Amino acid sequence: MTTLDLPPVAASGPAAGPEPAATAELRPEKKVRLGGVTSEDVFTVAGALAGSLGLNWLLYERVLPFSGASGFLLCWYALFLAGYFALGRLQWGPLMVRERLVSVVAWSAGILVVALIADQIGFVTSKGMDAARHLNFFTESMERTGPLSPIDSGGALGAIVGSLEQLGLATLFAVPLGIAAAVFMSEVGGRMARPVRTLVEAMTALPSIVAGLFVFGIVIITFGFEKSGFAASLALTVMMMPIVTRAAEVVIRLVPGTLREASYALGGSQWRTVWNVVLPTARPGLMTAVVLGMARGVGETSPVLLTAGFTSQFNGNPFAEHQVSLPLYIWNYVKQPYDGMIARGFAAGLTLMVVVLILFVTARVLGGRQPGRLTRAQKRRLDRDARRPETTAAAAASRPSAIQPKKQ
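First residue of the sequence shown? That's 54 in the numbering used here, and the numbers climb one at a time after it.
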């Protein structure tokens with residue numbers, strides 16, 4: 054027979070003394086763990102993987118006339134899910150089994166995406182490391198380099214500078230226009246909001262070659278401008294602006310309406326509310342919109358091919374003569390039948406990945422602060438303002454009074 058740990062009951066009557074302060078020790082509370090991975094989950098996944106691998110090998114090698122690595126992996130994954138479901142039904146209820154099966158599918162999809170990205174990065178790195186490991190690849194152009202030149206001569210300096218200049222100009226043109234269009238559609242509205250939104254949605258699905266043909270026909274043929282980095286930046290602007298507009302509109306619509314109402318209640322105009330309340334609150338999302346637009350424009354080849362031309366010489370002026378970029382550099386050299394040129398093309402692809410990574414990290418650093426979170430300078434200013442009354446009061450208390458009492 055079990056006994057219960059109950060606190061002692063004080064005796065009734067006048068003989069009962071004062072009750073002690075701590076009559077029983079308090080037991081520590083146990084933390085309840087919600088979610089997480091347990092040993093049963095690990096063993097179930099491991100058992101399903103091993104069992105499905107053995108059964109899949111038996112079916113492929115001994116029973117069914119199948120072959121190929123892709124089919125083997127697909128069948129293994131299907132058998133793994135079936136085995137995990139069967140093993141889960143032996144331990145948990147139907148609802149728990151379905152929940153954990155969906156979790157396994159989500160985790161496996163994430164692992165697959167990461168594996169594909171790692172495979173692409175590894176493939177490009179292995180192909181282009183022969184050229185990228187030489188410093189001259191980043192400090193020289195292809196002006197004095199031929200198809201049979203050694204790998205330690207020539208480089209992609211002109212393409213790197215061209216890509217940065219063209220992307221910078223396109224960002225300078227597309228971001229203000231895109232954010233202004235998003236503010237117009239979400240904050241101003243009116244009869245023109247629907248046609249503008251329809252046009253932006255149509256431009257989102259615009260093929261890149263059409264944007265290049267548009268700039269080529271209007272800017273180069275009609276107005277007589279020559280092929281240059283500036284013309285290429287205009288084509289990239291046409292590709293980037295609808296992406297920035299759509300993403301910025303969604304972010305601006307997520308700003309709570311109570312913030313706008315508070316600004317209007319304090320006497321702020323619509324322009325002041327948008328500039329000082331809406332846009333600062335949506336800044337992290339707007340930076341994401343800018344990153345999406347830059348990611349769309351940095352790797353475009355066809356509009357740059359039609360508008361910028363190609364040159365093996367270094368040209369740091371985007372407003373005059375032909376200017377090469379990294380996508381065009383890759384397209385031109387990776388298709389040549391020379392190992393050195395192919396290695397330079399893959400090295401340019403690796404450089405383009407690094408440039409995109411730097412742009413993404415920079416954008417996240419600039420716009421990564423959540424809405425309402427203060428910067429370090431703002432926190433120091435608030436702390437200084439909070440300590441100022443205490444300092445003033447202490448100084449006043451330590452200061453001698455102007456009227457001294459007379460000594461008796």
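Ideal placement from N, C-alpha and C gives every residue a C-beta, glycine not left out. Note that the structure is a prediction, hence the values are computed from the model and not measured.
Under the three-state reduction of DSSP output, residue 352 falls in the coil class, being neither helix nor strand. If you keep only unbroken alpha helix (DSSP H) runs of at least 4 residues inside the region 339-400, you get 355-360 and 379-386. DSSP places residue 189 in the uninterrupted alpha helix (DSSP H) bounded by 189-192.
Distance between residue 246 and residue 237, taken at the CA atoms: about 7 Å.
Between the beta-carbon of residue 379 and that of residue 213 there is about 6 Å, and that keeps the pair under the 8 Å contact cut. Residue 178 has its alpha-carbon roughly 29 Å from the corresponding atom of residue 260. For the region 81-127, the continuous alpha helix (DSSP H) assignments of 4+ residues that do not extend past its boundaries occur at 92-111, in sequence order. In the structure shown, the three-state DSSP call for residue 144 is coil. Note on residue 280: 16 or more other CB atoms within 10 angstroms of its CB, so buried under the neighbour-count rule. Shown here, residue 205 sits in coil according to DSSP, grouped into three states, outside any helix or strand. Taking the C-beta atoms as reference points, residue 185 is found no nearer than 7 Å to residue 405. Taking C-beta atoms as the reference points, residue 350 and residue 223 count as a pair closer than 7 Å. Of all alpha-carbon atoms in 304, 278 and 275, the one lying nearest the alpha-carbon of residue 240 is that of 304.
Around the C-beta of residue 92, fewer than 16 other C-beta atoms lie within 10 Å, and the residue is accordingly described as exposed. Residue 377 counts as buried, since at least 16 other C-beta atoms from the protein chains shown sit within 10 angstroms of its C-beta. Ranked by Cα distance from residue 344, the first of 312, 244, 294 and 391 is 294. Note that the C-beta distance between residue 194 and residue 367 is below 7 Å.
Distances from the alpha-carbon of residue 253 to those of 299, 125 and 387 put 299 closest.
Only residues of its own chain outside the window of five on either side were considered, and among them 219, 222 and 223 have a CB closer than 6 Å to the CB of residue 286, listed in chain order. Between residue 137 and residue 98 a beta carbon distance of about 7 Å is seen, short of the 8 Å cut, so the two are scored as contacting. In the three-state reduction of the DSSP assignment, residue 313 falls in the helix class, which pools H, G and I. As the crow flies, the alpha-carbon of residue 196 is around 5 Å from that of residue 365.
Judged by DSSP secondary structure, residue 255 falls within the alpha helix (DSSP H) whose first and last residues are 246-257. In this structure, the straight-line span from the alpha carbon of residue 208 to that of residue 347 is close to 24 Å.
Annotated three-state conformation of residue 216 is helix, per DSSP.
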